[in-house]
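Reading through the structure tokens given below for one structure.
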Amino acid sequence: MRGTRIGLGMIVLGLLAYGAGGLGQEVGPDRVIDAVLPILPVESDRGPEAIATGTIELPGSCEHCLVHPVQYRITVPEGVVRLVIELANTTDPTGDIDLIVREGQPVTEDEFSYYYSFRTYGETGEESLELPEEGLDVVLAGDYYIGIVSFVEPGTAFEIRAAAYIEQPLPDAIDLESNVPVIGQLQPGGLSGGLDPQYLYRVPEGAALAVVHASSRQDDIDLLVGRNPIERDEYGHLLADTQLRSSGLDELLVIGEPESGDLWIVVENDTPDRASYTLEVTSLPAVEELSPDTQLVGAVGGETGLIPLLSDYLRTDDGMLGLTQYRLQLPAGLTALRVRLRGGEVCDIRLHLRYQQAVSVSHGSVVADLSVTDGVSKEFVLQQAFIHGVSALYIALERLGEGEKAFSLEVVADVVE
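Right, here's the structure in full:
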């Protein structure tokens with residue numbers, strides 16, 4: 000399915016009609032949210048990454064409007080040879096929503112027309128737009144506003160994914176795993192990898208926190224972090240979304256509600272002496288995908304390898320929330336869902352569930368939609384009324400007291416084919 004470019008004449012006619020006090024007034028978005036566009040080398044086999052999620056709303060004061068009142072702005076840099084934008088209805092893959100994109104300014108609409116640059120016309124909830132389209136030679140640099148034309152009920156969940164591909168190759172990446180420290184050394188005034196390679200950490204979807212910690216036993220080191228690779232400008236200055244340059248022996252970056260996707264990381268030694276460092280990253284919670292009709296065993300409440308100070312984000316009044324949470328994507332046709340917690344030490348574990356986002360801790364209290372705190376056997380049974388319109392559930396376990404606790408978790412789903 001291809002987006003279709005509108006002719007300039009339609010925009011001019013619409014403006015003339017409005018200027019003459021004629022047939023209708025253009026309506027634009029209530030809000031515009033800036034989204035970070037992932038930049039990938041053209042030879043990459045990675046597809047678009049999530050840049051925005053939400054639920055469909057309709058403007059309350061505009062009876063004829065079908066465009067979701069929140070639009071998302073991405074900035075396309077020079078040198079992009081391919082731009083891909085995807086839209087998914089995550090509540091119902093058959094529910095009809097369309098992509099609508101405009102260069103330079105937000106998408107608008109009146110009673111008769113939409114004003115845009117590109118649009119898709121699929122009849123389901125999976126839309127894809129790839130630029131340049133046939134007949135166009137390049138992807139123009141600048142701001143692009145991404146909107147959604149909705150033919151579904153308000154409250155329908157969606158996800159927007161995007162990626163821009165450039166001819167200029169990205170630096171080599173040293174992949175980092177959560178809670179697995181790496182050790183390195185830096186020359187005087189040096190950068191880890193000399194900017195090529197760079198450390199790369201992929202923040203999972205659903206993370207409430209992303210944490211980057213660089214430390215040294217005796218040396219003053221600095222930390223640079225960005226959604227895109229760290230680079231120098233024409234004057235030699237380092238460019239990064241975040242630069243931590245305190246005079247201490249460690250730098251700790253905590254990102255609340257991070258967007259999923261790449262974090263590029265460089266450690267810098269801005270001193271005249273050699274320096275050693277330890278670099279560690281993690282996300283809270285660590286999210287694992289869980290399929291319906293599965294059973295898993297494990298342990299909750301361990302603190303081995305956890306970045307110092309981060310246990311404070313998991314500590315509850317009665318124990319500790321597990322570092323790992325389990326995300327369950329709900330299939331179409333689901334009529335009932337059972338989540339059962341079992342195990343030899345299950346009396347010392349609480350079961351928590353939250354719709355659409357991760358369970359969290361606030362001032363020692365667990366923030367969840369449903370919790371089972373008492374009894375040897377802990378179980379949720381959710382009928383269709385409690386899961387209608389929900390695309391994902393997050394399951395979390397809370398350890399009571401101290402030490403790791405073993406558990407067995409079972410998920411059973413009833414689906415009408």
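Quick note on numbering: the sequence shown equals residues 0 to 416 in numbering that gives the first Met the number 0. Each residue gets a CB set at the ideal place from its N, CA and C atoms; glycine is no exception. Model, not experiment: these values are computed from the prediction.
One Cα belongs to D136, the other to V360, and the distance between them is close to 51 Å.
When the Cα atoms are used, E230 and D317 turn out to be separated by approximately 46 Å.
The alpha-carbon separation between E77 and A163 amounts to approximately 11 Å. According to the DSSP assignment, S310 belongs to the alpha helix (DSSP H) that extends over 310-313.
Look at the stretch 27-74 and you find these whole runs of beta strand (DSSP E), each 3 residues long or longer: 30-33, 38-40, 48-54. In this structure, the straight-line span from the alpha carbon of V224 to that of I254 is close to 11 Å. S364: member of the beta strand (DSSP E) spanning 364-366, first to last residue.
When the beta-carbon positions are compared, E287 and H351 stay at least 8 Å from each other.
Rounded to the nearest whole angstrom, the CA to CA distance from R349 to A367 is 12 Å. In this model, Q217 and L248 are separated by some 6 Å (Cα to Cα).
One Cα belongs to G188, the other to D195, and the distance between them is close to 16 Å.
Counting only unbroken stretches of 4 or more residues, the alpha helix (DSSP H) elements lying wholly within the stretch 283-358 are 310-313, in sequence order.
Listed in chain order, the beta strand (DSSP E) elements of length 3 or more contained wholly in the stretch 62-132 are 69-75, 79-88, 96-102, 125-130. In this structure E302 touches S310 by the C-beta definition: roughly 6 Å separates them, less than 8 Å. The stretch 124-141 makes contact with the stretch 78-97: 3 or more CB pairs, one atom from each, lie closer than 8 Å. Taking one beta carbon from each stretch, the stretch 32-43 and the stretch 163-177 have 3 or more pairs nearer than 8 Å; the two touch.
Boundaries cannot be given for Q167, as no beta strand (DSSP E) includes it and DSSP labels it neither H nor E. Taking a contact as a CB-CB distance under 8 Å, the pair V280 and V211 counts as one, their CB atoms being some 5 Å apart. DSSP, reduced to helix, strand and coil, places G388 outside both helices and strands of the structure shown, so it counts as coil. One alpha carbon belongs to Q24, the other to I147, and they sit about 19 Å apart. Between I73 and L36 the beta-carbon gap is near 4 Å, inside 8 Å, which marks them as a contact.
Distances from the alpha-carbon of G193 to those of P131, N227, E267, A156 put E267 closest. Three or more beta-carbon pairs separated by less than 8 Å are not found between the stretch 329-339 and the stretch 272-279, which leaves the two stretches without contact.
Collapsing the DSSP output to three states places G146 in a strand. Secondary structure of L175 (DSSP, three-state): coil.
By the Cβ neighbour-count rule, S376 is exposed, with fewer than 16 other Cβ atoms within 10 Å of its own. Beta-bridge partners of V210 (DSSP): V253, T281. Looking at the DSSP output, I220 bridges to nothing. Sequence-distant partners of K404 (beyond 5 residues in either direction) whose C-beta falls short of 6 Å from its own C-beta, in its chain, are V299, G300, E344, D347, I348, R398. Cβ-Cβ separation between V410 and D221: approximately 45 Å, too far for a contact (criterion under 8 Å).
Taking a 10 Å sphere around the C-beta of R160, we find 16 or more other C-beta atoms and assign the residue as buried.
Under the DSSP assignment, L381 falls in the beta strand (DSSP E) whose first and last residues are 377-382.
Under DSSP, D413 shares a beta bridge with A335. Cβ contact annotation for L238 (same chain, cutoff 6 Å, sequence separation greater than five): E230, D232, in chain order. Judged by DSSP in its simplified three-state form, G247 adopts coil rather than helix or strand. By the Cβ neighbour-count rule, L295 is exposed, with fewer than 16 other Cβ atoms within 10 Å of its own.
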